[in-house]
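Using UniProt numbering, the letters of the sequence shown correspond one by one to residues 1 to 239. Beta carbons are placed, not taken as given, at the ideal position from N, Cα and C, and that holds for glycine. It should be emphasised that the depicted structure is a prediction, and the values quoted were computed from it without experimental measurement.
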Amino acid sequence: MATTPQLLFEEARREGRKKLLEHEALMLCEHYGLPVPRYGVATNSKEAVEVATKIGFPVVMKVISPDIVHKSDVGGVALDVKTPDEAREKYITITRSVMLRAPNARVTGILVEEMLPRGLEMIVGASRDPFFGPIVMIGVGGIFVEVLKDVSFRVAPLTPPDAYDMLRDLKGYVLFGGFRGMGPLDEEAVVDVLMKVSEMITQLDEVAEIDINPLLVYERGRGAKVADVRFILGDTRGE
Numbered sequence: 001m002a003t004t005p006q007l008l009f010e011e012a013r014r015e016g017r018k019k020l021l022e023h024e025a026l027m028l029c030e031h032y033g034l035p036v037p038r039y040g041v042a043t044n045s046k047e048a049v050e051v052a053t054k055i056g057f058p059v060v061m062k063v064i065s066p067d068i069v070h071k072s073d074v075g076g077v078a079l080d081v082k083t084p085d086e087a088r089e090k091y092i093t094i095t096r097s098v099m100l101r102a103p104n105a106r107v108t109g110i111l112v113e114e115m116l117p118r119g120l121e122m123i124v125g126a127s128r129d130p131f132f133g134p135i136v137m138i139g140v141g142g143i144f145v146e147v148l149k150d151v152s153f154r155v156a157p158l159t160p161p162d163a164y165d166m167l168r169d170l171k172g173y174v175l176f177g178g179f180r181g182m183g184p185l186d187e188e189a190v191v192d193v194l195m196k197v198s199e200m201i202t203q204l205d206e207v208a209e210i211d212i213n214p215l216l217v218y219e220r221g222r223g224a225k226v227a228d229v230r231f232i233l234g235d236t237r238g239e
């Protein structure tokens, strides 16, 4: 569904939200050319089957709600859904579970996404520093977060050399030579993501914070995918 960033922000403001919903975040990423999973939104079990079949199995299913922070805690997530029958059943299971555990939560629908293969997990983010202005960060995620604890920052807008330097500053950059039996990883795909995140944080005054966690990085030539992304909105009214 085609839309514009301003329409997404206006909808969030009308509903009093400071955060884009999951499908809205994916739409904004698509608008800027970021690589996202195939996805769709279902509002009943029939649509869940149709969307999952169109995407291709296996899929992941997640409740969409501005009132639920930890979806797994209320039974709002189903992983590795493999068949149309299972998609139908999981839709019903998720909606019933959420109604029981979070009865006051507003539910927009169920997000159905392709289940992505494993890759190197990275974190990419952007925010607005009171002194430096827009900044972009990258770090190694997943099981390596606590071990390595290394992140790299640059002031936006980035140049391509900035983005390459950010990546190569990480101690975890050594993993790009090969990881869990994979060949060299797709450095160029990560640089492309950094450049697009830089573009977003410099162009979109309404966005206070961007958090991609994880960005899954694959072998060279296979790219990267934004597996989960969050946009926090600031208050630009009156500016």
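1. Here's a check: name, in chain order, each residue in its chain whose Cβ is nearer than 8 Å to the Cβ of residue 67, leaving out the five neighbours to either side.
2. My output table needs one value for residue 173: the three-state DSSP class, helix, strand or coil.
3. Would you give the residue range spanned by the beta strand (DSSP E) that residue 136 belongs to?
4. Pull up the distance between the alpha-carbon of residue 161 and that of residue 88, whole angstroms please.
5. Would you give the residue range spanned by the alpha helix (DSSP H) that residue 196 belongs to?
6. Should residue 186 and residue 171 be called a contact, given that it needs their Cβ atoms to be closer than 8 Å?
7. Going along the chain, which residues of its own chain have a beta-carbon closer than 7 Å to the beta-carbon of residue 58, five neighbours each way excluded?
8. Where does residue 57 fall in DSSP's three states?
9. Please determine, among 235, 190 and 43, the residue with the shortest C-alpha to C-alpha distance to residue 119.
10. Put residue 68 into one of helix, strand or coil per three-state DSSP.
Looking at the atomic coordinates:
1. Translated into positions along the sequence shown, residue 67 becomes position 67. For residue 67, where only same-chain residues beyond five positions count, the Cβ hits under 8 Å are 102, 104, 105 and 106.
2. What you label residue 173 is simply residue 173 of the sequence shown in a count that begins at 1. Helix at residue 173.
3. By 1-based counting over the sequence shown, the position of residue 136 is 136. Counting along the chain, the beta strand (DSSP E) containing residue 136 begins and ends at 133 to 140.
4. Counting from 1 along the sequence shown, the entry for residue 161 is found at position 161. Counting from 1 along the sequence shown, the entry for residue 88 is found at position 88. Cα to Cα, the separation comes out at about 48 Å.
5. As a working mapping, residue 196 is identified with position 196 in the sequence shown. Run containing residue 196: 187 to 203, per the alpha helix (DSSP H) assignment.
6. Position 186 of the sequence shown holds residue 186. Position 171 of the sequence shown holds residue 171. For residue 186 and residue 171, no; Cβs fall outside 8 Å.
7. By one-based count along the sequence shown, residue 58 stands at place 58. Within the same chain, residue 58 has close Cβ partners 80, 81, 82 and 115.
8. For the purposes of this step, residue 57 is taken as the residue at position 57 of the sequence shown. Coil.
9. Here residue 119 refers to the residue found at position 119 when the sequence shown is read from its first residue. Checking every option, the nearest Cα to that of residue 119 belongs to 190.
10. Here residue 68 refers to the residue found at position 68 when the sequence shown is read from its first residue. Coil, per DSSP.
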